[in-house]
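There are 2 protein chains.
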Amino acid sequence: MIKISKLADYSVVILSTMSTHSHDLMSASTVSELTKLPEPTVSKVMKLLSKAQIIQSTRGINGGYSLIKDPEKITMESVITAIDGPIAITACADGAEPDCSLSHSCSLRGRWDGVNAALRSALETVTLADMLKIGGAQTIKTHETKDAIHGSH
Amino acid sequence: MIKISKLADYSVVILSTMSTHSHDLMSASTVSELTKLPEPTVSKVMKLLSKAQIIQSTRGINGGYSLIKDPEKITMESVITAIDGPIAITACADGAEPDCSLSHSCSLRGRWDGVNAALRSALETVTLADMLKIGGAQTIKTHETKDAIHGSH
DNA sequence: ACAAAAGAGTACATAATCAGTACAGATTAG
DNA sequence: CTAATCTGTACTGATTATGTACTCTTTTGT
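If you read the protein sequences in the order shown, they are chains A and B.
Numbering follows our numbering, with no gaps: position 124 of the first sequence is 124.
Numbering follows our numbering, with no gaps: position 140 of the second sequence is 140.
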């Protein structure tokens, strides 16, 4: 099964909470109360999101996090990349495994690159705003998924 | 990280081997020798592929597996689904977790459905034939990724 | 200057999942 | 009936993710 981490799932919950309750600044503990998610976890997620510049952090007393982008401009690609790292698929695909001695199989090295690109662009078509809408109507905007796919065409 | 199991990776290696050495029938052990992959693993993969009707099995002595489709008609979607199960994303997305007591978070139940659909259609655009080509030229055919995405539009 | 509140960074134990293997059953050809 | 081959299940070890704890830094308010 293709899997996205639970943290990525939480991210959506957290971001949606932040976007609906439009306080400018929300602390991790406030978000934790609203979402019922454990605080350390919320804190971890928000830290990652801020590092990826999806949200902004303000330190010190009365500090907190705030959204810096419109939900329409936050793609799932950016969120997932922020939380789970770059979108890539096992083994050879991500460039790891230098000791790959399987001659024949690795003649196909890089074979998943196109698939990765396809997945990445697919995720770029879905924004946080889309995710919020889904609770009600089930319609997703689908710009051009095609463009990003060609390798060196 | 979005992850696809190693078995799915092996599948591509195995299928490519079967398509190039076009013997009509290949036993799991033959494929194992050619790919240098451990035999039990190969056997497991081929079993799953045959169950998904991507390849065909013939039992008994002198039996084996054979391709029943053109590489162009074997999509990565079908291969991954065969090996890793339906393309879906954690938790609520696949309909599991009936004891989901997180009130607020689950008001967003189904929020990943659109993402799943996007991923699925992206994978449908890549065929085994594309994967084989990738070793040399890096060009992927990209039919219409858009169509399958709309939910109930 | 100091204390309190909040984010940042690191590290770790547990739990879940996957990979790989092994073994026993079923099927077919000769 | 025997050898070769696929089918199905079950087990074990390793990897990975998760959730949590602890400590450090930053900033504000008094």
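Built from N, CA and C at the ideal position, the CB exists for glycine as well.
Buried versus exposed call for D9(A) [16 or more other C-beta atoms within 10 Å across all chains shown]: buried
Close beta carbons around I68(B), own chain, < 8 Å, minus the five adjacent residues each side: Q53, I54, I55, Q56
Buried/exposed call for I61(B), threshold 16 Cβ in 10 Å: exposed
Closer than 8 Å to chain A by CB, K3(B): yes
Within chain B, the residues that L119(A) reaches when beta carbons sit closer than 9 Å: I2, A118, L119, A122, L123
Where the alpha helix (DSSP H) containing L49(A) begins and where it ends: 39–51
Under 7 Å by beta carbon: chain A residues contacting M76(B): V115
Any chain A beta carbon closer than 8 Å to M131(B): yes
Contact check, E39(A) vs S50(A), beta carbons under 8 Å: no
Beta strand (DSSP E) segment containing G64(B), residue limits: 64–67
Cβ of V126(A) within 8 Å of any chain B Cβ: yes
DSSP-derived helix/strand/coil call for S19(B): helix
7 Å CB neighbourhood of I80(B) in its chain, flanking five on each side removed: I4, A8, I87, L123
Inter-residue CB distance, V83(A) and L37(A) (contact presumed, cutoff 8 Å): Before going on, a small fix: residue 83(A) reads as Ile here, not Val. At roughly 14 Å, the Cβ-Cβ gap does not stay under 8 Å, so I83(A) and L37(A) are not in contact.
I68(B) at chain A interface by Cβ criterion, 8 Å: no
Simplified DSSP assignment, three categories, for I83(A): helix
Within-8 Å CB hit, R111(A) to chain B: yes
Where L7(A) falls: helix, strand or coil (DSSP): helix
Range of the contiguous alpha helix (DSSP H) that encloses S121(A): 113–124
I14(A), DSSP secondary structure in three states: helix
Interface positions of the segment 12–36 of chain A facing chain B (Cβ-Cβ less than 8 Å), listed along the chain: V12, V13, S16, T17, L34, T35, K36
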